[in-house]
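Here's the structure, in structure tokens; my notes come after.
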Amino acid sequence: MYLLLGCGSVGYSVAKQIKSEVVIVEKSSERADLLESEGFRVIKGNFTTKTALKKAKLGKAKAVLILTSDPEVNKRAIEVVREINKEVP
39 MYLLLGCGSV GYSVAKQIKS EVVIVEKSSE RADLLESEGF RVIKGNFTTK
89 TALKKAKLGK AKAVLILTSD PEVNKRAIEV VREINKEVP
């Protein structure tokens, strides 16, 4: 399973390619509902928190893809991912 953090236009393109293997963590409830209606597995929550990443089963991920356009959010997400699982690429 691949964990996709953030699902804007780039994330959505990636998610479509690996749909059967992806779990998306999305903070926008509206966007998450839309993704769920398209058959994606979605965790609603802020992926810069341990709670959302643990709920998404980060420990089982083959890889984590952080696909936001905000460098600070990306940096914080990396920090939280590493706090939970130092080995995941």
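Each residue of the sequence shown is one higher than the one before, counting from 39 in the numbering used here. Glycine included, C-beta positions come from ideal geometry on N, C-alpha and C. Values in this document were obtained by computation on a predicted structure and should not be read as measured data.
Query: Cα separation between serine 75 and lysine 98?; Result: 24 Å
Query: Between which residues of its own chain and valine 118 is the CB-CB distance below 8 Å, once the five residues before and five after are set aside?; Result: Phe85, Thr86, Thr87, Lys88 and Leu91
Query: Looking only at C-alpha atoms, which of Ile104, Ser51, Asn112 and Leu96 sits nearest to glutamate 125?; Result: Leu96
Query: Give a yes or no on whether the C-beta atoms belonging to lysine 82 and glutamate 110 are separated by under 8 Å.; Result: no
Query: Quick check: what's the CA-CA separation for isoleucine 52 versus tyrosine 40?; Result: Strictly speaking, residue 52 in this sequence is valine, with isoleucine absent from that position. One C-alpha to the other measures close to 11 Å.
Query: Compute the Euclidean distance between the alpha carbons of valine 61 and isoleucine 116, then round it to the nearest angstrom.; Result: 17 Å
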